[in-house]
Amino acid sequence: MIVINTPNNPTGKVFPREELRHISDICVRHNLLLLSDEVYDRLSYVPFTRVAILGPDVQQRTISIGSEAAAAAYEQSLYNGFWSQTRTLLREKMIRLCQVFQKLDLPYTIPEGGYFILVNLAKVQIPRVYRIPPHIRDRRRDFLLARFLIMELGVAAIPANEFYSPEHPCLGENYLRFAVCQDDEILDLAKARLRRLQLYLTA
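Using this note's numbering, read the sequence shown as starting at 34 and increasing by one per residue.
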């Protein structure tokens with residue numbers, strides 16, 4: 034079985050049609066099932082392709098996962114423009130929050146779907162004298178960064194290595210995932226608090 038997630042959480046990547054065709058060809062060639070997690074399909078900012086529509090041979094071996102809540106609201110949304118308005122609103126919120134990362138010169142992703150932003154915090158240094166409870170001292174850097182932001186800045190984010198396989202957690206240790214599905218007042222408060230990261234940046 035091959036498992037894909039498009040739009041991807043946490044990267045926001047939307048698999049283009051060409052890549053999906055390559056993946057589905059592999060499944061057909063090797064008689065594999067394809068599990069396609071498409072929970073954020075309505076929050077895609079670039080063209081979205083359902084892998085199951087690429088042909089009857091692909092459809093027969095594809096299991097698509099969607100959101101029950103989204104499905105229930107989908108029919109109404111066709112008439113009131115809900116998803117179009119939501120996509121526009123979320124893009125505006127992403128721009129709003131990312132202003133602080135631009136100011137701090139912290140690299141971040143521009144997602145093709147979903148409502149998450151991955152931020153590279155490699156330049157943020159937790160002070161050497163900062164007290165870390167003994168039971169979490171061995172956790173990865175992104176976990177400690179997430180805790181530091183909560184305790185010192187009052188901003189919550191998700192450690193990226195939680196999305197990696199046990200063999201590759203180090204790939205996410207400098208990244209945190211921020212969600213923009215908040216009121217603008219909350220995002221502005223988060224921006225104000227995140228500006229204090231300036232105190233912990235290395236050159």
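Heads up, the beta-carbon is just placed ideally off N, CA and C, and yes, glycines get one too. All figures in this text were calculated on a predicted structure; none of them were measured in a lab.
- Restricted to the region 180 to 225, the beta strand (DSSP E) segments that are unbroken, complete and at least 3 residues in length are 208 to 212, listed in chain order.
- In the DSSP assignment, Asp58 falls within the alpha helix (DSSP H) that extends over 50 to 63.
- Apart from sequence neighbours up to five positions away, the residues of its chain that approach Leu87 with a beta-carbon distance below 7 Å are Leu53, Arg54, Ser57, ordered along the chain.
- Here Leu139 carries a coil assignment [DSSP, helix/strand/coil].
- Glu145 sits buried, since 16 or more C-beta atoms from the chains shown fall within 10 Å of its C-beta.
- For Val36, the uninterrupted beta strand (DSSP E) segment begins and ends at 35 to 38.
- Scanning Leu68, Leu234, Ala189 for the CA closest to the CA of Arg210 turns up Ala189.
- Its chain contains Lys156, Gln158 as the residues whose beta carbon lies nearer than 6 Å to that of Thr235, once the 5 sequence neighbours on both sides are disregarded; these appear in chain order.
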